[in-house]
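Going by the numbering used here, the first residue of the sequence shown is number 64, and it counts up by one from there.
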Amino acid sequence: MVHSSYLKERAYAKVNLTFRVLGKETKDYHSINSVVTFLPDLYDNIFIKKNEKLTINTYGKFSKILSESGGDTIVTKTIHLIKKKYSISNNFKIKIQKNIPIGSGLGGGSADAAAVARVIFKMYKLNIKKKEIISQFGTLGADLPACYFSFNQKVEGFGDKLKKLKILNKNIWILLIKPNINLSTKKVFKSFSKPFSKKPKYNYNYKNLINDMNYHNNDLQEVAENISCILKNMINELPITKAILTKPKMTGSGSTIFILFKNKPSALEYEKNIKKITRGCWKKISKIIL
């Protein structure tokens, strides 16, 4: 148990309900268009307090994998940026309970860094404007600004154009399935070569969003499938359903696949029926508030 002297914050997992690649603006960055939501039932727990030196310790289901892949470097970079930018002399002791899978397209690292930033700003009573948060944190990771705010939003540009979306008063359920593979965001984008998509022009409402999801795949999905036959086979083997989202889709740059349902029992029933196909996979059911 973490001592009560720590401040606590949740770092919510994100899901890209839609994902389009609109163009390549620089050598390393693509311009995107995506509708992003956050999951109230899937999050890392962040604990932070002032300390003489900076220490970051992780524990939980995915801490070992994170450590083997080099640790939560984006958290360290975020702290150094904040300390320098806002002249903070203190260091911090941070504990992170890792519940969000690594290399999953669910934004775990960015969510952790954003949560740490939120706590430090509260700790020092810093009222940082949205524009400054986006410009500062966007240099560390494209998902970081969106994860900082953690509300339903349309994300464009390089992740630097955020528009909060109105609540549609729809409670639906999502089943997440992550095959036993980790995909590199950099590698997936680097391998992307298909024609660019056009920016969607429909009015944002529940019916139009669901239609868009059903008729337009994540632009990175085909690339990810070509990189990983495990992912490709998994998507092809999962049964088509009469759920809200009829075909399994990939979030972000992968490797997590998701399906949307009208209620939790439907999601549980589908999960039960795919046990054989998804043996060895990480799975999670969560509510989504649209």
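Backbone N, C-alpha and C fix where the C-beta goes; we use that ideal spot for every residue, glycine too.
Would you mind giving the Cβ-Cβ distance between residue i and residue j, rounded to the nearest angstrom? I have them listed as a contact below 8 Å.
{"i": "I111", "j": "V182", "result": "5 Å"}
{"i": "D206", "j": "Q160", "result": "20 Å between Cβ atoms; not a contact."}
{"i": "T341", "j": "S167", "result": "Wrong, their Cβ atoms sit about 14 Å apart, outside the cutoff."}
{"i": "F51", "j": "L283", "result": "There is no way to answer for residue 51, as the model of the chain reaches only from 64 to 353."}
{"i": "I293", "j": "P242", "result": "5 Å"}
{"i": "F27", "j": "G201", "result": "Limits of the chain in this structure are 64 at one end and 353 at the other, which puts residue 27 out of reach."}
{"i": "I348", "j": "E334", "result": "7 Å"}
{"i": "K312", "j": "N281", "result": "6 Å"}
{"i": "L225", "j": "A209", "result": "6 Å"}
{"i": "S260", "j": "L85", "result": "6 Å"}
{"i": "N162", "j": "E115", "result": "N162 to E115, Cβ: 29 Å. No contact."}
{"i": "K233", "j": "L353", "result": "4 Å"}
{"i": "I165", "j": "N245", "result": "6 Å"}
{"i": "K325", "j": "I235", "result": "6 Å"}
{"i": "A180", "j": "T121", "result": "A180 to T121, Cβ: 17 Å. No contact."}
Tell me the DSSP bridge mates of residue i?
{"i": "I240", "result": "I320 and K346"}
{"i": "E219", "result": "N96 and K224"}
{"i": "V84", "result": "I95"}
{"i": "T118", "result": "K156"}
{"i": "T101", "result": "Reading the sequence as shown, one finds Phe at residue 101 and not Thr. Looking at the DSSP assignment, F101 forms a beta bridge with K77."}
{"i": "L70", "result": "I111"}
{"i": "Y106", "result": "Y75"}
Could you give the DSSP three-state label for residue i: helix, strand or coil?
{"i": "I111", "result": "strand"}
{"i": "K161", "result": "coil"}
{"i": "K312", "result": "strand"}
{"i": "L246", "result": "coil"}
{"i": "I351", "result": "strand"}
{"i": "N271", "result": "helix"}
{"i": "I400", "result": "Any property of residue 400 remains undetermined from this structure, which presents the chain solely from 64 to 353."}
{"i": "Y265", "result": "coil"}
{"i": "I235", "result": "strand"}
{"i": "D38", "result": "No answer is possible for residue 38: it lies beyond the span of the chain, which begins at 64 and ends at 353."}
{"i": "N277", "result": "helix"}
{"i": "P328", "result": "helix"}
{"i": "A178", "result": "helix"}
{"i": "L294", "result": "helix"}
{"i": "L169", "result": "coil"}
{"i": "L203", "result": "coil"}
{"i": "K193", "result": "helix"}
{"i": "F255", "result": "coil"}
{"i": "I128", "result": "helix"}
{"i": "Y187", "result": "coil"}
{"i": "K229", "result": "coil"}
{"i": "S260", "result": "coil"}
{"i": "T136", "result": "helix"}
{"i": "I142", "result": "helix"}
Use the C-beta contact count for residue i: other C-beta atoms within 10 angstroms, 16 or more gives buried, fewer gives exposed.
{"i": "P258", "result": "exposed"}
{"i": "L189", "result": "exposed"}
{"i": "Y211", "result": "buried"}
{"i": "T118", "result": "exposed"}
{"i": "T314", "result": "buried"}
{"i": "K124", "result": "exposed"}
{"i": "D355", "result": "Here the chain covers residues 64 to 353 and nothing more, so residue 355 does not appear."}
{"i": "Y75", "result": "buried"}
{"i": "H93", "result": "buried"}
{"i": "T89", "result": "exposed"}
{"i": "P302", "result": "exposed"}
{"i": "G204", "result": "buried"}
{"i": "G317", "result": "buried"}
{"i": "E195", "result": "exposed"}
{"i": "D104", "result": "exposed"}
{"i": "D135", "result": "buried"}
{"i": "K339", "result": "exposed"}
{"i": "E72", "result": "buried"}
{"i": "E288", "result": "buried"}
May I ask you to check if the CB of residue i is nearer than 7 Å to at least one heavy atom of the ligand FAD?
{"i": "T304", "result": "For the structure depicted, the ligand FAD is absent and the ligand set is empty, with no information on it obtainable."}
Quick one: any contact between the segment 170-181 and the segment 243-252, if contact means 3 or more CB pairs under 8 Å?
no
Cβ contact (3+ pairs, closer than 8 Å) linking the segment 268-281 and the segment 300-319:
yes
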